[in-house]
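S.K.: Numbering (our numbering), first residue to last: 0 to 112. Backbone N, C-alpha and C fix where the C-beta goes; we use that ideal spot for every residue, glycine too. On a predicted model such as this, the values are computed, not experimentally measured, just so you know.
#1: Can at least three beta-carbon pairs, one atom from the stretch 30-46 and one from the stretch 85-100, be found at a separation below 8 angstroms?
#2: Could you check where the alpha helix (DSSP H) with residue 56 kicks off and where it finishes?
#3: Which first and last residues belong to the alpha helix (DSSP H) in which residue 91 is found?
#4: Leaving out five residues on either side along the sequence, give the residues of the same chain with a beta carbon under 6 angstroms from the beta carbon of residue 7.
#5: Classify residue 31 as helix, strand or coil using the three-state DSSP reduction.
#6: Looking only at its chain, what residues have a beta carbon closer than 7 angstroms to the beta carbon of residue 70, apart from the 5 residues adjacent to it on each side?
#7: Mind checking whether the beta-carbon of residue 36 lies closer than 7 angstroms to any heavy atom of the ligand HEM?
#8: Taking only three categories from DSSP, how would you classify residue 39?
#9: Helix, strand or coil: which one does DSSP assign to residue 74?
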């Protein structure tokens, strides 16, 4: 297989991986993370959800999840650094989409209260 075909296949697989993560795989990765790593990710998600709420007095859960999950992924290096010895595990988990379940928890807190 040419490298160009391999790259196209890899991209398709990456997109499919994201869809699978949305279906629950990321939740299992998130729940299996060591507590310090999980707490670092959740803390960032909670901060981002609070910022979202400030700008959106009538928050939409799904909009919040999308924005917070993206923010968690963007803040990956910051979260990894704040996770101490768990940084590499956190980095791998972020790559597996754990920002989504963390965002769901954070957004549920601000939209269901």
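M.R.: Checking against the coordinates, here is how it stands:
#1: yes
#2: Segment: none, residue 56 is in no alpha helix (DSSP H) and carries neither H nor E.
#3: Counting along the chain, the alpha helix (DSSP H) containing residue 91 begins and ends at 86-94.
#4: Because residue 7 carries a pLDDT of 42, less than 50, the predicted location of this residue cannot be relied on, and no value is offered for it.
#5: helix
#6: Excluding five sequence positions before and after residue 70, the CB atoms of its chain that fall closer than 7 angstroms to its own CB belong to 47, given in chain order.
#7: Judged by which ligands are present, the structure shown has none, so any question about the ligand HEM falls away.
#8: helix
#9: Three-state DSSP puts residue 74 in coil, outside helix and strand.
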